[in-house]
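See structure below.
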Amino acid sequence: DLVEIDMIDFSGPAFAGVDNRLMALRLVQKGLAPSAMFTADGHVVHPAEALYKKAVLIERSRFRPPTHLNMNMIDCARTQFMAEREVPENDVLVVSEMTLHNLMDGGDIDVRDFLHRAEILCALGKNVMISNLGEYYRLAAYLFRYTQKPMGVVLGVPTLREVFDEKYYTDLPGGILESFGRLFKYDLRLYVGPALGEDRKNLVTVENFEPPTHLRHLYAYLYSNGFIKNLRGVNAELLSIFSHEILRKIRTGQPEWQECVPPVVAQMIREKHLFGCGDQC
927 DLVEIDMIDF
937 SGPAFAGVDN
947 RLMALRLVQK
957 GLAPSAMFTA
967 DGHVVHPAEA
977 LYKKAVLIER
987 SRFRPPTHLN
997 MNMIDCARTQ
1007 FMAEREVPEN
1017 DVLVVSEMTL
1027 HNLMDGGDID
1037 VRDFLHRAEI
1047 LCALGKNVMI
1057 SNLGEYYRLA
1067 AYLFRYTQKP
1077 MGVVLGVPTL
1087 REVFDEKYYT
1097 DLPGGILESF
1107 GRLFKYDLRL
1117 YVGPALGEDR
1127 KNLVTVENFE
1137 PPTHLRHLYA
1147 YLYSNGFIKN
1157 LRGVNAELLS
1167 IFSHEILRKI
1177 RTGQPEWQEC
1187 VPPVVAQMIR
1197 EKHLFGCGDQ
1207 C
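As numbered in my numbering, residues 927 to 1207 make up the sequence shown, in order.
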């Protein structure tokens, strides 16, 4: 409990069969590291090296698989983030992040599934972070260790609902109020993309989002003061893409799933039979 390992890297002929991404993930799993980072070429990198003096834009998702909507949201957020925060393009680090919770399958990590998702994201040119920082305020505090530049987190309305779910903050003396105080004490903004309502017809945005009744004034304060931003420019035609439905179609051999993901993603899924894709894919 007294040791934290920033990163680990095995090299040389004795370790030719060692996957450093897997070793980095095991550090996070065992609680020896809060996160592991991989560059777009698939190599393990020290978080301090990657994040130092960078404006950080993070999209948190399961990426199972990465979809056109995921890519569209991060592209829109990057453009808006640079314009609003007046950050030069070279100073922005875009990261695709998954929490350890989203890699758990029962009591252990599904290693093969993790490696597949990491490989796909790297093929898309994305930097990848795996963390055990489930709460957003913990993620913000971790990033602030290495940079004091502006930070942005990209999420959709469904995730925003989870952020306002008080069950995630029962371990904090100040509950949800303390969590937001910790989150926004850093130079961080939430960029929230729209989503289809339950009827899949009406659009839900930050303007008409309805948190629990007793939290409406808190939400109004955060929105009015610009801590929660409307993510502009998202392609409305992509909002009907739902990852769980794509996953079901992959597993049942319905070929239309390929239209919902970037071509390189579809190719990797077919060739490597990922996510339960059989010969019928």
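Ideal Cβ placement from N, Cα and C applies to all residues, glycine included.
Computed from a prediction, not measured in an experiment: that's the story for all the values here.
Simplified DSSP state of F964, which is helix, strand or coil: In this structure, F964 counts as strand in the three-state DSSP scheme.
Alpha carbon of K1075 to alpha carbon of E975, nearest angstrom: Distance between the alpha carbons of K1075 and E975: 15 angstroms.
Contacting residues, own chain, Cβ-Cβ under 6 angstroms from S1022 (five flanking each side not counted): Beyond the five residues adjoining it in sequence on each side, S1022 comes within less than 6 angstroms, by CB distance, of E985, L1047, K1052, V1054 in the same chain, given in chain order.
Counted within 10 angstroms of its Cβ, other Cβ atoms place F1198 as buried (16 or more) or exposed: In the sequence as presented, Phe is not what sits at residue 1198; that position holds Lys. That one is exposed.
Buried or exposed by the 16-neighbour rule on C-beta atoms within 10 Å, applied to I931: Label assigned to I931: exposed.
Cα-Cα separation, A1003 to D945: A1003 and D945: Cα-Cα distance of roughly 32 angstroms.
CA nearest to the CA of S1166, picked from L1086, M963, N1128: It is N1128 whose Cα lies nearest to the Cα of S1166.
Own chain partners of P1014 with C-beta closer than 8 angstroms, once the 5 adjacent residues on each side are dropped: Closer than 8 angstroms at the Cβ level, and outside the excluded window around P1014, lie M1008.
Three or more C-beta pairs below 8 angstroms linking the region 1154-1162 and the region 1183-1201: Fewer than three Cβ pairs drawn from the region 1154-1162 and the region 1183-1201 lie within less than 8 angstroms of each other, which leaves the two stretches out of contact.
Rounded distance between the beta-carbons of Y1117 and V1080, thought under 8 angstroms: Yes, they are in contact, since the Cβ atoms of V1080 and Y1117 sit about 5 angstroms apart, within 8 angstroms.
Residue environment, P1099, which counts as buried when at least 16 other CB atoms sit within 10 Å: Of the residues assessed, P1099 falls on the exposed side of the cut-off, its CB having fewer than 16 other CB atoms within 10 angstroms.
Where the beta strand (DSSP E) through M997 begins and ends: Premise fails: M997 lies in the alpha helix (DSSP H), 994-1011, not in any beta strand (DSSP E).
Between the CA atoms of S1150 and L1141 - distance to the nearest angstrom: Rounded to the nearest angstrom, the two C-alpha atoms are 14 angstroms apart.
Residue burial classification, P939 (beta-carbon count within 10 angstroms, cutoff 16): Classification for P939: exposed.
Contacting residues, own chain, Cβ-Cβ under 7 angstroms from E1092 (five flanking each side not counted): Cβ within range, chain order: G1101, I1102.
Cβ separation of V1130 and V1083, assumed to be a contact under 8 angstroms, to the nearest whole Å: With a Cβ gap of about 5 angstroms, V1130 and V1083 count as contacting.
Separation of L995 from D1036, as counted between CA atoms: D1036 and L995 have their C-alpha atoms roughly 25 angstroms apart.
Proximity of P1137 and F1201 at Cβ, strictly below 8 angstroms: Going by C-beta atoms, P1137 is not nearer than 8 angstroms to F1201.
For T1085, the first and last residue of its enclosing alpha helix (DSSP H): DSSP places T1085 inside the alpha helix (DSSP H), whose first and last residues are 1083-1089.
Start-to-end residues for the beta strand (DSSP E) that takes in K1155: Unbroken beta strand (DSSP E) run through K1155: 1154-1156.
Proximal residues to F1070 (C-beta, below 6 angstroms), its chain only, five neighbours per side dropped: Taking C-beta separations shorter than 6 angstroms and ignoring five residues to either side along the sequence, the partners of F1070 in its chain run Y1112, following chain order.
Neighbourhood of F936 by C-beta, 7 angstroms cutoff - its chain only, sequence neighbours within 5 removed: Answer for F936: V944, N946, M949, listed in chain order.
Cα-Cα separation between Y1095 and S987, rounded to whole angstroms: Spanning the two alpha carbons is a distance of roughly 20 angstroms.
Beta strand (DSSP E) runs contained entirely in the region 1120-1171, provided each spans 3 or more residues: Segments of the beta strand (DSSP E) lying fully in the region 1120-1171: 1154-1156.
I1154 versus R1038 - alpha carbon distance: Their Cα atoms are separated by approximately 36 angstroms.
Buried or exposed by the 16-neighbour rule on C-beta atoms within 10 Å, applied to L983: Burial state of L983 is buried, judged by a 10 Å Cβ sphere holding 16 or more other Cβ atoms.
Continuous alpha helix (DSSP H) assignments of at least 4 residues falling wholly in the region 1030-1083: Secondary structure within the region 1030-1083: the alpha helix (DSSP H) runs of 4 or more consecutive residues, fully enclosed, are 1037-1049, 1062-1070 (chain order).
Residue environment, D1050, which counts as buried when at least 16 other CB atoms sit within 10 Å: Contrary to the premise, residue 1050 reads as Leu rather than Asp in this sequence. Classification of L1050: buried, given that the 10 Å Cβ count is 16 or more.
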